[in-house]
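Quick note on the numbering used here: the sequence shown kicks off at 28 and runs consecutively. Report on the structure given below.
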Amino acid sequence: MPVLSLTDITISFSGPPVLENVNLHIDAGERVCLLGRNGAGKSTLLKIISGEYGPNSGAVTFPAGGKATSLPQTIPDNLSGSNHDIIATGFDSDGSQLIAHRQGDASITLDPERQWQMEQKIEKTAEQLAIALDTDFSKLSGGMKRRVLLAKALVCDPAILVLDEPTNHMDIDSILWLENFLLRSKISLVFVTHDRSFLRKLATRIIEVELGQANSFRCDYDTFLIRKEELLEAEAKNQAAFEKKLSQEEAWLRKGIKARRTRNEGRVKALKQMREEHASWRKRDGQSSFSLQNANISGRKVITATQASAVRSGKEILKPFDLQIMRGDRIGIIGPNGSGKTTLLKLLLDELPAAAGEVEHGTKLEIAYFDQLRDQLDETLSVFDNVADGNETVVFDGQKRHVMTYLQDFLFTLERARSSTKTLSGGERNRLLLAKLFTQPANLFVLDEPTNDLDAETLELLEELILDFQGTLLLVSHDREFLNNTVTSIIALDGEGRVEEHPGSYDDWIAKRSQQTVDPVPTEKKPSRNTWKQKTLKFTNRQQRELDELPQRIEDLDTKKEALSEKLANPKTYIDAPDSISGLQSELAAIEAELESVYARWEELESLKEELSQ
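In structure tokens, the structure reads:
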């Protein structure tokens, strides 16, 4: 028997249905991850399951009893009291009565058995999550506050736990703790996450929310990716066949029906049905296709910190440290929440003066800074105006582009581009900030928590752009896979003010830390700061897509070349349109040059793929 059943769920918000006739059944112990583009309806589906939204039609039931509880994305500002009282509110009205009774409210009478049951459950849940019940909630760190809120969600033994981007704003240690707790707890779980490491560790089933539907894949994430690719290929073939048939029938109809026979009338009816079916297709959004502008090459030394330190409100946040950042370095910055990662960035960028020591910038430095608070976005402006800055065009790689077509690369429709920035979702805000940043050339790219709320496809594209970027990268992130795929060294902050650099990826840092725990005496020669150059690279998805598209591009160019050659070889062309000869010859020369370039690129990609596969 399932613990949760959704039957024919439909919901809309003054437009086409976000979800339409969705059916979903989740069994006990399943850990289901919802995947889909930003705005596809994942959070809406979670809110329907948790009871925050009611569907326009359909039913949400819990066949085995119980209810769904959720862990909020952000910590509410209005919570106060002891951890015990916060957890007790998970019992709803009974919990409020328990709190009032404990605080001496004589008007509250509680059944002793019920009171004992609730107290026992609170104590057991707090013990499982290592929470001190008497501690004041307001004095806890962000990670511990989220742990108390998780206890509140679990204390009533819900039928299902709902998590919407649970790793947002959590440091890596907190994420690892949450992963391990959820794996041990065996609770039924529905969650949305952008963290692929978290997803791979937890998900036993994938639900893809797309085009108003919720499609189930009973497999892990990596198997889902393979199956999804196969489905997209099959769908493309079927749609191509359908559209070919539709165009043939349209051509037949234009020629006219010679005789009003039943079979012809039937064919007309069938064509009408094909038109209606084609019109009813819900089109997928295009793929993100943004790119970076490389500025002029910076000096070899990018940033030099010499015994630099940072103080805030009289407290030393960063102890004196030395750091040399060279052109081409790709550095990930990690550490617990509150350890000073953003402070370190501002210190290195000269946005915060050093309390002691000095920070020196190299020559020809051009910086693009992605701020996790998105302060560079003006909430009072539209999406268009945030990027346009009073203009109709932006200059990209020396060429003017209309702002609207530029925003389409970031998946903003015409309607969405004209909407207010404050109406955007978290993922849309991140894409808008990337769009704004990428209008300026840069040779130092600074990203402070860029992965929050981004969908998987946009994350992968951002990774590939970073790999192709010729400049220097500073990246603050808690996303382990994103770090592994993009950086070549790690700066680790320990929460006590110490700043230490380690060559290699995040996994390399973890392995080194584990080795030091077992054997503090280093036995290996310290890698050079150029170790990343020997690091094994991969043939990226972007490169594979480009390689797959080149044969068709070559065929199209060959067809154009053949048509132009025939025209130029035909004497009639010289008689009927002598003024066109020069233009045709120039066009042919341009196509031949493009063909040569495409063939060279094809050979380059084939060689690279073969080299990386060895």
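Here a beta-carbon is modelled for each residue, glycine too, at the ideal position from N, C-alpha and C.
Cα-Cα, which of GLY389, THR370, LYS449, GLU47 is closest to ALA381? Of the candidates GLY389, THR370, LYS449, GLU47, the one whose C-alpha sits nearest the C-alpha of ALA381 is THR370.
Would you mind giving the Cβ-Cβ distance between ASN413 and LEU459, rounded to the nearest angstrom? I have them listed as a contact below 8 Å. Yes, ASN413 and LEU459 are in contact; Cβ-Cβ is about 6 Å, under 8 Å.
Nearest to ASP191 (by Cα), restricted to the options ASP405, LEU72, THR478, MET353: Nearest to ASP191 by C-alpha distance, out of ASP405, LEU72, THR478, MET353, is LEU72.
Simplified DSSP state of HIS429, which is helix, strand or coil: Per DSSP, reduced to three states, the secondary structure at HIS429 is strand.
Leaving out five residues on either side along the sequence, give the residues of the same chain with a beta carbon under 8 Å from the beta carbon of LEU350. Within the same chain, ILE330, THR331, ALA332, ALA335, LEU375, ILE518, VAL526, GLU528 come within 8 Å of LEU350 by CB-CB distance, once the 5 residues on both sides are set aside.
Distance cut-off 7 Å: ILE493 Cβ against heavy atoms of the ligand SAM: No copy of the ligand SAM occurs in the structure displayed, which carries no ligand at all.
Put TRP559 into one of helix, strand or coil per three-state DSSP. For TRP559, the predicted structure reports a pLDDT of 38, less than 50, and the residue's modelled location is therefore unreliable. A value from the coordinates is still provided. Shown here, TRP559 sits in a helix according to DSSP, grouped into three states.
Boundaries (first-last residue) of the beta strand (DSSP E) holding LEU520: Looking at the DSSP string, the run of the beta strand (DSSP E) that includes LEU520 is 516-520.
Proximity test, Cβ basis, 8 Å: SER77 and chain C: The structure shown contains no chain C; it holds only a single protein chain.
Helix, strand or coil: how does DSSP classify PHE411 here? PHE411 sits in a helix when the DSSP states are folded into three classes.
8 Å Cβ cutoff met for ALA127 and ALA186: Cβ atoms of ALA127 and ALA186: not closer than 8 Å.
As an exercise, report each continuous beta strand (DSSP E) stretch of at least 3 residues that is fully enclosed by the segment 212-257, in chain order. Taking only runs of at least 3 residues, the beta strand (DSSP E) segments lying wholly in the segment 212-257 are 216-219, 232-237, 240-244.
Proximal residues to THR162 (C-beta, below 8 Å), its chain only, five neighbours per side dropped: If you ignore the 5 residues before and after THR162, its C-beta comes within less than 8 Å of the C-beta of SER109, ASN110, all in its own chain and listed in chain order.
From ARG232 to ASN457, what distance separates their C-alpha atoms? Between ARG232 and ASN457, the alpha-carbon positions lie close to 28 Å from each other.
Tell me where the alpha helix (DSSP H) around GLN144 begins and ends. That run of the alpha helix (DSSP H) goes 139-155.
DSSP-derived helix/strand/coil call for GLU528: The answer is strand: DSSP assigns GLU528 an E or B state.
Quick one, which of TRP536, GLU491, LEU31 has its alpha-carbon nearest ASN215's? Before going on, a small fix: residue 215 reads as Ser here, not Asn. Minimum Cα-Cα distance from SER215 among the listed residues TRP536, GLU491, LEU31 corresponds to LEU31.
Using DSSP bridges, identify the partner residues of THR333. Here THR333 is bridged, per DSSP, to GLU385.
Bounding residues of the beta strand (DSSP E) (the contiguous stretch that carries PRO347): PRO347 -> beta strand (DSSP E) spans 342-353.
Cβ shell of LYS643 (< 7 Å), same chain only, five flanking positions each side left out: Past the boundaries of the shown model lies residue 643; the chain is included only from 28 to 641, so the question cannot be answered.
Excluding the five sequence neighbours on either side, which residues of its own chain have a C-beta within less than 7 Å of the C-beta of PRO99, listed in chain order? Only LEU176 meet the Cβ criterion.
For LEU31, the three-state DSSP class (helix, strand or coil): If DSSP states are grouped into helix, strand and coil, LEU31 belongs with the strands.
Hey, could you find the ends of the alpha helix (DSSP H) ALA180 is sitting in? Its alpha helix (DSSP H) spans residues 169-181.
Based on Cα-Cα distance, which residue from TYR601, SER592, GLU576, LEU591 lies nearest to TYR626? Residue GLU576 is the option with its Cα nearest to TYR626.
Look up PRO549 in the DSSP assignment and say whether it is helix, strand or coil. Reliability of the predicted coordinates at PRO549 is poor, the pLDDT of 41 falling under 50, and the value obtained from them is presented with this limitation in mind. Here PRO549 carries a coil assignment [DSSP, helix/strand/coil].
In whole angstroms, what is the alpha-carbon distance linking GLU490 and GLU276? The straight-line gap from Cα to Cα measures roughly 45 Å.
When the Cα of GLY453 is compared with those of PRO468, GLN467, TYR433, PRO477, which residue comes out closest? Closest option to GLY453, Cα to Cα, is PRO477.
Whole-angstrom Cβ separation of ALA267 and ASP247, contact assumed at under 8 Å? ALA267 to ASP247, Cβ: 31 Å. No contact.
Per-residue DSSP class, three states only, for ALA643: Lying outside 28 to 641, the shown extent of the chain, residue 643 is not represented and no answer is given.
If I measure Cβ to Cβ from SER77 and keep anything under 6 Å in the same chain, skipping five residues before and after, which residues do I get? Result list for SER77: ALA95, SER97, VAL189, in chain order.
Give me the Cα-Cα distance between PHE225 and LEU51, rounded to the nearest whole angstrom. Looking at the backbone, the Cα of PHE225 and that of LEU51 are separated by about 23 Å.
Assuming ILE361 is part of the beta strand (DSSP E), what are its boundary residues? ILE361: member of the beta strand (DSSP E) spanning 357-361, first to last residue.
Would you decide whether GLY498 is buried or exposed? Buried here means 16 or more other CB atoms lie within 10 Å of its CB. Around the beta carbon of GLY498, 16 or more other beta carbons sit within 10 angstroms, so the residue counts as buried.
Buried versus exposed call for GLU235 [16 or more other C-beta atoms within 10 Å across all chains shown]: Burial call: buried.
Compare the C-alpha of PRO468 against each of ASN511, LEU510, GLU523, GLU393 and name the closest. Closest in alpha carbon position to PRO468, among ASN511, LEU510, GLU523, GLU393, is GLU393.
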